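One point on numbering: in the UniProt record's numbering, the residue at position 87 of the sequence shown is 87, and numbering is uninterrupted.
Ideal Cβ positions, reconstructed from N, Cα and C, are used throughout, including at glycine.
From a predicted model like this one, the values you see are computed outputs, not experimental measurements.
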Amino acid sequence: MNAIFVNTQDGIIKADVIYNPFWKKFQLYIDGSLYGEYNEEEIAIEDRDKSFSEENIIKPDCTLLISTESPLSNQCKAIAGDSYNTGDFEDLYKTTLIKHRKTGLVIRTISKSEIREHLADYPKKENK
């Protein structure tokens with residue numbers, strides 16, 4: 001999961017490096033548009049990071065893995081003292097980021113299904 005979120009004049013955008021198994025390439029997407037294709041993930045990530053100034057990249061305070069066994073609301077209650085609801089938390093521009101209104105804590109959320117989907121297409125490393 002190589003996504004970062006960036007503050008821009010128009011709001012928060014997502015920049016992501018995704019492996020495309022059909023083309024067997026790593027693809028750099030910025031705000032939903034394809035910006036490049038690469039043979040190596042490290043180079044794609046490097047180009048992604050060079051596309052933005054460091055101060056505009058949002059660095060979440062924590063990342064939560066959401067599942068039926070560990071729902072978002074329960075984890076928010078444990079971390080921030082409030083269950084997840086629109087009164088206490090703000091969704092940041094339709095991303096996977098939420099912000100606790102009282103403390104300013106920025107949380108990135110990832111579901112188990114997102115991880116499974118990502119890993120299913122990811123190329124397997126060869127042992128040499």
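Worksheet item: Between Asp-49 and Asn-56, what straight-line distance do the alpha-carbon atoms span, to the nearest angstrom?
Response: Position 49 of the sequence shown, counted from the start, is the residue given in the question as residue 49. Position 56 of the sequence shown, counted from the start, is the residue given in the question as residue 56. If I take the Cα positions, the gap works out to 11 Å.
Worksheet item: Can you round the beta-carbon distance between Phe-5 and Thr-95 to whole angstroms, since I take them to be within the 8 Å contact cut?
Response: Taking the sequence shown and counting its residues from 1, one reaches residue 5 at position 5. Taking the sequence shown and counting its residues from 1, one reaches residue 95 at position 95. So it is a contact: roughly 6 Å between Cβ atoms.
Worksheet item: Exposed or buried, which one is Ala-80 when buried takes at least 16 other CB atoms within 10 Å?
Response: Translated into the one-based positions of the sequence shown, residue 80 becomes position 80. Buried is the call here.
Worksheet item: Where do the N-terminal and C-terminal ends of the beta strand (DSSP E) with Ser-73 fall, by residue?
Response: Position 73 of the sequence shown holds residue 73. No beta strand (DSSP E) holds Ser-73; the alpha helix (DSSP H) holding it covers 72-80.
Worksheet entry | Bounding residues of the alpha helix (DSSP H) (the contiguous stretch that carries Glu-41) | Sequence index remark: in the sequence shown, residue 41 carries index 41 (1-based). Unbroken alpha helix (DSSP H) run through Glu-41: 41-50.
Item to complete: Report the rounded CA-to-CA distance for Pro-71 versus Glu-114, giving the unit in angstroms.
Response: As a first step, residue 71 must be located in the sequence shown, where it is residue number 71. As a first step, residue 114 must be located in the sequence shown, where it is residue number 114. Distance between the alpha carbons of Pro-71 and Glu-114: 15 Å.
Fill in: Three-state secondary structure (DSSP) of Glu-117
As a working note, residue 117 is residue 117 in the sequence shown. Correct three-state label for Glu-117: helix.
Worksheet entry | Option in Arg-116, Ser-111, Asp-91 and Gly-36 with minimal Cα separation from Glu-69 | As a position in the sequence shown, residue 69 is number 69, starting the count at 1. Taking only the C-alpha atoms, the option nearest Glu-69 is Ser-111.
Worksheet item: According to the neighbour-count rule (16 or more other Cβ atoms, all chains shown, within 10 Å of its Cβ), is Arg-116 buried or exposed?
Response: Start at 1 with the first residue of the sequence shown, and residue 116 comes out as number 116. That one is exposed.
Worksheet item: Do Ile-98 and Thr-86 have their C-beta atoms closer together than 8 Å?
Response: Taking the sequence shown and counting its residues from 1, the one referred to as residue 98 is at position 98. Taking the sequence shown and counting its residues from 1, the one referred to as residue 86 is at position 86. Not closer than 8 Å, so no.
Worksheet item: Taking the alpha carbon of Glu-42 as the point to measure from, which residue in Ile-18, Lys-77, Glu-90 and Ala-78 has its own alpha carbon closest?
Response: Within the sequence shown, residue 42 is the residue found at index 42, counting from 1. If we check each option's Cα against that of Glu-42, Ile-18 comes out closest.
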